[in-house]
Amino acid sequence: MRRALLAVALLGALAAAPRPAAAQPYDPAYRWRTIDTAHFRVHFHQGEEPLAQDVAVVAERAHAALTPVLGYAPRRTEIVLSDDVDDANGSATPLPYDTIRLYAVPPPSLSELNDYRDWLESLVFHEYVHILHLDHVGGIPGAANRIFGKLFAPNGLVPAWMTEGLAVLHESNGDPASGRNASAIHEMYARALALEPPGFPPLDEASNPLLEWPVGTAPYLLGGRFMRFLEERYGDAAIAGYLGRQGAQLWPYAPSWVARPYFGGRSFPELWAEYAEAERGRGEEVVTAVRERPVTAARRLTARGGRAENPRWSPDGSFVAYWRRPLDGRPGLFRVSPEGEDLGRAATVDANGTFALRSPGEAIAAIGEVHREFRVYDDLRRVDLRTGRTRALTRGERATDPDLAPGGAFLVYVQRSGPGVLALVRRPLDAAGRLGPREVLFSHRGAEVYEPRVSPDGRRIAFTLQEGGRRDLALWEDGGVTRLTDDGALDTSPAWTPDGRFVLFDSDRGGLYNLYAWEAATGEISQVTNVETGAFQPDVSPDGKTIAFLLYSRAGYDVATIPLDPGSFMPPFPAPPAPAAAWEQTPTPTPTSTSTATPTSTASAPAADDPAPLPSRPYRALDTLGPTFWLPFLSGDASGTVVGAITGGVDVLFRHAWAAQAFWSTSTREPGYALAYQGAWSWPRLDLSSSRFVGSSPDPGDRLLSVWTLADAGATFTFTRLARVTALRLGWSGTRYDTLAGEPGPDPRLPYPFRDGFLSDLSLRLSYSDARRFVRSISPEEGRNASLSLRYAGPATGSDYELARARGSVEQYLRVPGLSRTVLALRLSGGLARGTLGGSAPFELGGVSQPDVLSIALGAALGLTGTPPDALRGYAVGSFEGTGYVLANGELRFPLGAPRLGHGTWPLFLRRVHGALFADLGETFDRPGEPILAGNRLSAEALRLGVGAELRLELVLGYFLRTDLRLGLARAMGAPFGGWRAADAWLGPDEVSPYVILGASF
18 MRRALLAVAL
28 LGALAAAPRP
38 AAAQPYDPAY
48 RWRTIDTAHF
58 RVHFHQGEEP
68 LAQDVAVVAE
78 RAHAALTPVL
88 GYAPRRTEIV
98 LSDDVDDANG
108 SATPLPYDTI
118 RLYAVPPPSL
128 SELNDYRDWL
138 ESLVFHEYVH
148 ILHLDHVGGI
158 PGAANRIFGK
168 LFAPNGLVPA
178 WMTEGLAVLH
188 ESNGDPASGR
198 NASAIHEMYA
208 RALALEPPGF
218 PPLDEASNPL
228 LEWPVGTAPY
238 LLGGRFMRFL
248 EERYGDAAIA
258 GYLGRQGAQL
268 WPYAPSWVAR
278 PYFGGRSFPE
288 LWAEYAEAER
298 GRGEEVVTAV
308 RERPVTAARR
318 LTARGGRAEN
328 PRWSPDGSFV
338 AYWRRPLDGR
348 PGLFRVSPEG
358 EDLGRAATVD
368 ANGTFALRSP
378 GEAIAAIGEV
388 HREFRVYDDL
398 RRVDLRTGRT
408 RALTRGERAT
418 DPDLAPGGAF
428 LVYVQRSGPG
438 VLALVRRPLD
448 AAGRLGPREV
458 LFSHRGAEVY
468 EPRVSPDGRR
478 IAFTLQEGGR
488 RDLALWEDGG
498 VTRLTDDGAL
508 DTSPAWTPDG
518 RFVLFDSDRG
528 GLYNLYAWEA
538 ATGEISQVTN
548 VETGAFQPDV
558 SPDGKTIAFL
568 LYSRAGYDVA
578 TIPLDPGSFM
588 PPFPAPPAPA
598 AAWEQTPTPT
608 PTSTSTATPT
618 STASAPAADD
628 PAPLPSRPYR
638 ALDTLGPTFW
648 LPFLSGDASG
658 TVVGAITGGV
668 DVLFRHAWAA
678 QAFWSTSTRE
688 PGYALAYQGA
698 WSWPRLDLSS
708 SRFVGSSPDP
718 GDRLLSVWTL
728 ADAGATFTFT
738 RLARVTALRL
748 GWSGTRYDTL
758 AGEPGPDPRL
768 PYPFRDGFLS
778 DLSLRLSYSD
788 ARRFVRSISP
798 EEGRNASLSL
808 RYAGPATGSD
818 YELARARGSV
828 EQYLRVPGLS
838 RTVLALRLSG
848 GLARGTLGGS
858 APFELGGVSQ
868 PDVLSIALGA
878 ALGLTGTPPD
888 ALRGYAVGSF
898 EGTGYVLANG
908 ELRFPLGAPR
918 LGHGTWPLFL
928 RRVHGALFAD
938 LGETFDRPGE
948 PILAGNRLSA
958 EALRLGVGAE
968 LRLELVLGYF
978 LRTDLRLGLA
988 RAMGAPFGGW
998 RAADAWLGPD
1008 EVSPYVILGA
1018 SF
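If you number the sequence shown the way this note's numbering does, the last residue is 1019 and the count never jumps.
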């Protein structure tokens, strides 16, 4: 119990770490500094100081603007700024102290985040709203926090649409023309949900993770718009009042009841129904307006939905390639013929996926991948569309949005050249596919560039330019840059026609995304499509006759085509005027320049009257490493009751995490302790623990022992890729066993009496996983997990006991062809042991153990799955013992239905029902020269078979924790190669055993 509590404390301290590398999120090579302001500490690593200065200024501005609105002001918030991921994102948590983590990357062009005046300000405001919301704690939880440290955050135990919706509501700092609530993309998503079957999501579904598009975007989309609905009807004061009362709830899972006094006595389900009706009305108005002009009749080439991007015609016009992230399969580059024939996935591409086609058989793609273990960068790779194989073109370049000149003479792309900095880059490309010297064509302070497209004559480059609070099309030519559009609309995704006459693009002018055309000769803009949802990212066929583009529906994005017919172009919807901030042409690097941009952001361009930079100092881990909580506990040891207390802490960079507990055994009057430390300041990651408690002798004598682990030390080496991870831990443990005073010594009559001594053992644990599951999966569907653990103790390690252990397992997941989401899951495991402690069994088989609910919750919070227990279902737990074992498990897993049953904002939701048919075959055995425990050697005749079925209820608990409630029936079939049930006569009657387990199978 003490070790379990210690593990919980240490894992809890790390629970707020960004994923996937929860315990070691930042590169140990980073050198960190800190800027102190009145309400924030901004931590940043080398190369980030200009951006960190901007963050500090924006954060104080956010504090001044938001605290009066939300009615709460925290004392100090930690902000960690890192430039190690090529993905725009951030996170915030009030535990163990108020912390915001920011990635120093502007969002991509086709993103739900693309409607902003200043990406950094939107990001900081959004995350700081989370702090003001989640840290607002009162009542009994607030009193408990004042006594025990920060442990309770009732406002964090509400549906995601509430937390994310509140942040979306305020992320634009009161600007009604920017932010996600003003986004034409979000408007399009909501319109499709309201008007297309099966109708607007009910509140119970919206309060839990969705299985359909728009999946993870739904809390931001629906929550932001619902919060705006509440704000418009009841005002900011009502929302702030509700947040204060919700933060004082001892039972936080009744937000609808808490909200009634602040929202006219109406519950959230009632308000949601009115909001849904408002969305339907708004959607119908928009569609009616669209239909006042001829609606574009497009030909859909795909009908898969989900996320799709970057349709590109093959140079010979034989197919359209595009990147897709399906809801039920691997992401990658896909192809479809002009007639709509699905040509399948050409290559797996887990992240980014922007690309250009060099030939019908080869693409140059920007692919995100782990870089030097701790970063995730985009790099250019050559992709063979016939085999799916890739070859690196760049390493650590942080390159995206590639395009090729006609004939492939050179490559242009966007490079993330520093924190918050995007540069337009050109490089020669020879016939062998080798890149030449790098040229920075455009890198302007306070500007972001996207989606460069080279003109047919190779002399000009059209691209998307975000600057001065707006997004327009720009043209690079002969070292200079001019705007093609200059207004308040979001104009993106340029594409030349083969004759160079037009640049097609998408724009949200008129409130909907449609395709438009800029005519090179006149500069006139015409509207190309008139759709009811949205049209994006055009590309023109090599013969100049057909436009391929993305067309949106409720299911998501799909590839569609229309004829390119300038005669059918329409007058454009008027664009809103440009914001007040004026854009001024400034000198840019010449075409031969190889300089890099100065790290900056759009937050605060330097000016003559700018204030002096804020001072910075070296980072001090001790500022945040102190204990953040303490808790008393009542538990038990081998002698009876123990009482004690536990505490722990972690620094904001997760370089150091620790937990400690001290306790007293009331029966033996013996003190005990447990200490644990984890250090992520190096690679490998280090861990060290020590403990002392009262245990029982492992032999049947059952006397009381002092079990003192002087040290358990380890070093974990990780080898990480986006689609797979390998970890190797090397460790040593030293434990002293001593009989307590007043206890009898070892009983010499026992066959293997346990004597006092010192156990010194070396260990190795190796794990590997490339298993994949997808949004709609009921189980991992592809890949495998493997693990191996070895232990040795003996004279060579200074041990008084001689032990050796080996244990391993392999799990394989196979899709069943032709059956959606049906999986054959296979597992093979086994172990061998030499020596025992007091004759205790090294291995047991039988039944399946009930997992600890707290471990399930922590595993979900940390993104960890743990090691599944060895299950031989149909037999009682511990029926078989031995110094060796073998076990094979097979399960056929299949979906049964998706009832999606819940009630309003209740914290229990039945999402899906699925089933499994299983067979388990295994046995323990005795190794020669070892204690006789199983009564048999390894042989086929001794193998036992258990078969059965499980009904699995896929539950969402507390809005976030997804787990399975498994209702099973198992029957012990005996030894199929040795007499069947006759071999089990000593175990009891032949019967079917029911069981109920919370938690997933292997």
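The beta carbon of each residue, even a glycine, is placed where N, CA and C say it ideally should be. Bear in mind the structure is a predicted one, so any value in this text is a computation, not a measurement.
Asked                                                                                                                    : Found
Where the alpha helix (DSSP H) containing residue 203 begins and where it ends                                           : 201-212
Status (buried if at least 16 other CB within 10 Å, exposed otherwise) for residue 494                                   : exposed
Interface flag, residue 711 vs chain D, CB-CB below 8 Å                                                                  : In summary, chain D is missing from the structure at hand, where a single protein chain is found.
Alpha-carbon spacing of residue 6 relative to residue 190, whole angstroms                                               : Any question about residue 6 goes unanswered here, given that the chain covers just 18 to 1019.
Which residues DSSP lists as bridging residue 985, in chain order                                                        : 967 and 1012
In chain order, each beta strand (DSSP E) run of at least 3 residues that lies wholly inside the region 831-860          : 840-851
Residue 132 and residue 195 closer than 8 Å at C-beta                                                                    : yes
Residue 501 classed as buried or exposed, judged by whether at least 16 other C-beta atoms fall within 10 angstroms      : buried
Whole-angstrom distance between residue 165 and residue 645, CA atom to CA atom                                          : 9 Å
Residue 6 versus 903, 315 and 155, residue with shortest Cα-Cα distance                                                  : Outside the shown range of the chain, which is 18 to 1019, sits residue 6, and nothing can be said about it.
Beta-carbon spacing of residue 722, residue 685 below 8 Å                                                                : no
N-terminal and C-terminal residue of the alpha helix (DSSP H) that residue 221 is part of                                : 220-223
Span separating the alpha-carbon of residue 527 from that of residue 167                                                 : 48 Å
Residue 588, DSSP secondary structure in three states                                                                    : coil
CB-CB length for residue 470 against residue 511, believed under 8 Å                                                     : 5 Å
Cβ separation of residue 557 and residue 537, assumed to be a contact under 8 Å, to the nearest whole Å                  : With a Cβ gap of about 14 Å, residue 557 and residue 537 do not count as contacting.
For residue 143, the three-state DSSP class (helix, strand or coil)                                                      : helix
Under 8 Å between C-beta atoms of residue 975 and residue 174                                                            : yes
Among 960, 224 and 935, the one whose alpha carbon lies nearest that of residue 941                                      : 960
Backbone CA spacing between residue 268 and residue 262 [nearest angstrom]                                               : 12 Å
Counterpart residues of residue 523 in DSSP-defined beta bridges                                                         : 509 and 532
Reduced DSSP secondary structure (H/G/I, E/B, other) of residue 608                                                      : Low local confidence applies: a pLDDT of 33 at residue 608 is under 50, so the model's placement there is unreliable, and no value is given.
Close-in-space but distant-in-sequence residues of the same chain around residue 765 (CB under 6 Å, 5 per side omitted)  : none
Spatial distance of residue 907 from residue 841 (CA atoms)                                                              : 7 Å
Nonlocal neighbours in the same chain, by C-beta distance under 6 Å from residue 546, ignoring five residues either side : 313, 531, 532 and 552
As assigned by DSSP and simplified to three states, the class of residue 68                                              : helix
Candidates 978, 806 and 846: closest to residue 744 by CA position                                                       : 806
Touch test, the region 419-429 against the region 85-92, Cβ-Cβ under 8 Å, three pairs minimum                            : no
Test item: CB-CB of residue 814 and residue 779 under 8 Å                                                                : yes
Contacting residues, own chain, Cβ-Cβ under 6 Å from residue 555 (five flanking each side not counted)                   : 512, 521, 532, 564 and 566
According to DSSP, residues forming a beta bridge with residue 689                                                       : 680
Cβ-Cβ distance between residue 505 and residue 595 below 8 Å                                                             : yes
One or two residues paired with residue 925 in a DSSP bridge                                                             : 974
Residue interval of the beta strand (DSSP E) (run including residue 544)                                                 : 542-544
Proximity of residue 713 and residue 655 at Cβ, strictly below 8 Å                                                       : yes
Run of the alpha helix (DSSP H) containing residue 164, from where it starts to where it stops                           : 156-165
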